[in-house]
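Only one structure is covered here, and it is reproduced in the block below.
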Amino acid sequence: MKLSSRGRARGPPPPVRNPFVHRLRLGALQRAKVAFMTLTLFPIRLFFAVSMMLVAWFFAFIALLGYNEKELEKPRSWWRKAVHCLLKALMRTMWLAGGFHWVTVKGRQASPTEAAILTVAPHSSYFDAISVTMTMASIVMKAESKDIPVWGTLIKYCRPVFVSRSDQDSRRKTVEEIKRRAQSGKWPQIIIFPEGTCTNRSCLITFKPGAFIPGVPVQPVVLRYPNKLDTITWTWQGPGAMEILWLTLCQFHNSVEIEFLPVYIPSEEERKNPSLYANNVRRVMAEALRVPVTDYTFEDCCLALAEGQLRLPSNTCLLEFAKLVRSLGLKPEKLEKDLEKYSESAKKMKGARVSLKEFAAYLEVPISDILENMFALFDENEEGIIDLREFVISLSVVCRPSKTLETIQLAFKMYQSENGTIVEDNLACILKTAMGVSELNVANLFRAIDEWEKGTITFDDFFRFTEMYPDFAEEYLYPDQTGVESKEETELIPQTSHSSPGALFQSCLDSD
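Heads up, our numbering is the position in the sequence shown plus 10, with the first residue counted as 1.
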């Protein structure tokens, strides 16, 4: 499975890099610098940064005493204005202690009456909080975050819009609250990270519409971290939160740029269509950043990180496939129910290939550029025909990414002979399609499963093998990715970092 040249000719190619993966490589000199800084400057910086946060927490706590919902809308008293200025200075000192010696600011921040909402992108790290502390604007955050010790008090001081997970109407209420604040003119500006999750800044993924539903002017704000070594980026696959903090504090200097773009005033059409409004603002921000846009979403992030015995490699085509499925208007929930029907139809074909016209009839959709691009993903040899079994396997992965064995079992049913067995070529096709790659060597894996050397295996053989060796993929399918040492560099192994303690910061910054 790959994106053929025919597919590339018909539409824009997917981003070269998976936006949800960040691999950090340290050369020998950089490793030596980190080791030196760990023993010298790191503990000093950490002490001062924590000290500044605790002092800021104390003043924020004092400023919040006696505050109620009505008073939050009133202008601050003179002493609270003084505390406000002091808090901004303390937070700036905290970042200074962390090596952010100066923050480059370009453009002019609009007043709340000009733009009540600031849309910030790309969202790539908890260090994006620099933009929040520089402006002391409100943010949209999960209600649970207000209970985080120290940090929760600082967030409450910014008068955030809380989103409750337990309230089914939370999304609607959040939008109504954002709209109310934006139109009242009495509240501070609201900062929203419309991507809704962290990426590696290689592109701008789909913006969530929450910031654009009110239909009021917004000011786009772009962030850049022009550092030689990128220790800032904190994606869902990559170094964990504590590792990012440690490596960043071990740099002599960390650069960050905040650019305020001109206020974007929506047209009447954009006010009626929040998705159009969001896409147009994203395009403006992408041009300023000189990066491409992609229709990947937070849901694609979940696909890339789904827990199962087959993890998707960073160069998988399945993210592109998932995007095309959505673009066709096909709903994963409905498709999952139809998987058996699709697989039965594909099984009856017995490997016979179908044309684009037959593929459209199979899906019951008209031929379009989107369908042609999807067809091209499976047309590796550009012959104008594809194997429907590969499509069904990919669809199963997208619809139920964490149910690896169910997808493999479905694939076995489509490929197996009358006696329920498959050969090595069949296993190669099944696994490379399930992983979204064009080449995959399964010879060693097949021999390990086929212990009696029959030349064929059944799903029961495969299942027993995975029960005995649950990490079989690491050893047999991508063993070259397990080592980290090289003569020139060290690769920090990607890990699922959302379960780390630093995920608390993530909940504070992600828009709902």
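Cβ atoms here follow ideal geometry from the backbone N, Cα and C, with glycine treated the same way.
Residue i (DSSP reduced to helix, strand or coil)
| i | result |
| --- | --- |
| GLY37 | strand |
| GLU374 | coil |
| PHE30 | coil |
| ALA483 | helix |
| LYS116 | strand |
| GLU501 | Note that GLU501 has pLDDT 34, beneath the 50 cutoff, so the model's placement of it is unreliable and the number below is only indicative. DSSP places GLU501 in strand when its eight states are reduced to three. |
| GLN199 | coil |
| GLU186 | helix |
| LEU97 | helix |
| ILE158 | coil |
| ILE254 | helix |
| ILE380 | helix |
| ILE432 | strand |
| ILE223 | coil |
| PRO53 | helix |
| CYS260 | coil |
| ASP138 | helix |
| CYS208 | coil |
| GLY493 | Residue placement at GLY493 is poorly supported in this model, since its pLDDT is 33, which falls under 50; the coordinates still yield a value, given next. In this structure, GLY493 counts as coil in the three-state DSSP scheme. |
| ASN290 | helix |
Pairwise C-alpha distance: residue j and residue i
| i | j | result |
| --- | --- | --- |
| GLN40 | ALA251 | 19 Å |
| PHE473 | LEU415 | 8 Å |
| GLU498 | GLY37 | With a pLDDT of 32 at GLU498, under the threshold of 50, the predicted position of this residue should be treated as unreliable, though the coordinate-derived value follows. GLU498 and GLY37: Cα-Cα distance of roughly 6 Å. |
| GLU154 | VAL171 | 12 Å |
| THR476 | TYR486 | 12 Å |
| ILE467 | HIS32 | 37 Å |
| MET47 | MET104 | 18 Å |
| LEU100 | VAL228 | 28 Å |
| ALA139 | LEU233 | 11 Å |
| THR258 | ARG35 | 14 Å |
| ALA70 | TRP161 | 10 Å |
| VAL402 | ALA362 | 14 Å |
| LEU373 | LEU366 | 11 Å |
| GLN119 | PRO53 | 35 Å |
| SER121 | ARG191 | 14 Å |
| PHE369 | PHE385 | 8 Å |
| SER337 | PRO376 | 13 Å |
| SER537 | MET424 | There is no way to answer for residue 537, as the model of the chain reaches only from 11 to 522. |
| HIS94 | THR209 | 32 Å |
| THR133 | LYS282 | It should be noted that the sequence gives His, not Thr, for residue 133. Approximately 26 Å between the Cα atoms of the pair. |
| ILE158 | LEU97 | 19 Å |
| GLY394 | PHE110 | 55 Å |
| SER15 | TRP197 | Interpretation of SER15 is limited by its pLDDT of 40, a score under 50 that renders its predicted location unreliable; no figure is taken from the coordinates. |
| ALA371 | GLU346 | 19 Å |
| LEU329 | VAL60 | 39 Å |
| ASN28 | TRP88 | 49 Å |
| CYS439 | PHE30 | 26 Å |
| ASN391 | SER448 | 11 Å |
| GLU501 | TRP256 | Here the model assigns GLU501 a pLDDT of 34, short of 50, so the residue's position is not dependable, and the following value carries that caveat. Taking the straight line from one Cα to the other gives about 16 Å. |
| LEU381 | TRP244 | 34 Å |
| GLY206 | LEU214 | 11 Å |
Pick from the options that is closest to residue i, judged by C-alpha positions
| i | options | result |
| --- | --- | --- |
| PRO224 | GLU477, PHE473 and ALA125 | ALA125 |
| CYS72 | GLN119, LYS91 and CYS213 | The question names Cys, yet the displayed sequence has Ile at residue 72. Nearest C-alpha to ILE72: LYS91. |
| LEU398 | SER412, PRO376 and MET359 | MET359 |
| MET445 | TRP462, ARG336 and ALA421 | ALA421 |
| GLU267 | ARG281, GLU428, ALA356 and ALA131 | ALA131 |
| ALA483 | THR241, PRO219, LEU450 and VAL226 | LEU450 |
| TYR306 | GLU278, VAL335, ILE149 and GLU280 | VAL335 |
| VAL273 | TRP244, PRO230 and CYS260 | PRO230 |
| THR114 | SER135, MET144 and GLY108 | MET144 |
| ILE526 | GLY248, GLU253, ARG300 and VAL226 | This structure gives no information on residue 526, because the portion of the chain shown stretches from 11 to 522. |
| SER148 | GLY108, TYR136 and LYS166 | LYS166 |
| ALA107 | ALA298, LEU329 and ASN264 | ASN264 |
| VAL150 | ILE242, ILE200, LEU51 and ASP460 | ILE200 |
| GLU434 | ILE202, LEU455 and PHE57 | LEU455 |
| LEU271 | GLU278, MET295, GLU279 and CYS260 | MET295 |
Neighbour flag for residue i against chain B, beta carbons, 9 Å
| i | result |
| --- | --- |
| LEU373 | Annotation note: the requested chain B is absent from the structure, which comprises a single protein chain. |
Endpoints, beta strand (DSSP E) assigned at residue i
| i | result |
| --- | --- |
| ALA131 | 127-131 |
Beta-bridge pairing of residue i - partner residues as DSSP gives them
| i | result |
| --- | --- |
| MET151 | PHE172 |
| TYR274 | VAL228 |
| GLU267 | THR114 and ARG234 |
| VAL303 | LEU214 |
| VAL554 | Nothing in the structure corresponds to residue 554, since the chain is present only between 11 and 522. |
| ILE467 | ILE432 |
Boundaries (first-last residue) of the alpha helix (DSSP H) holding residue i
| i | result |
| --- | --- |
| GLU278 | 278-282 |
| LEU75 | First-last for LEU75: undefined, no H or E at that position. |
| GLN419 | 414-425 |
| LYS341 | Unbroken run through LYS341: none, as it is neither H nor E. |
| PHE331 | 328-337 |
| ILE459 | 453-459 |
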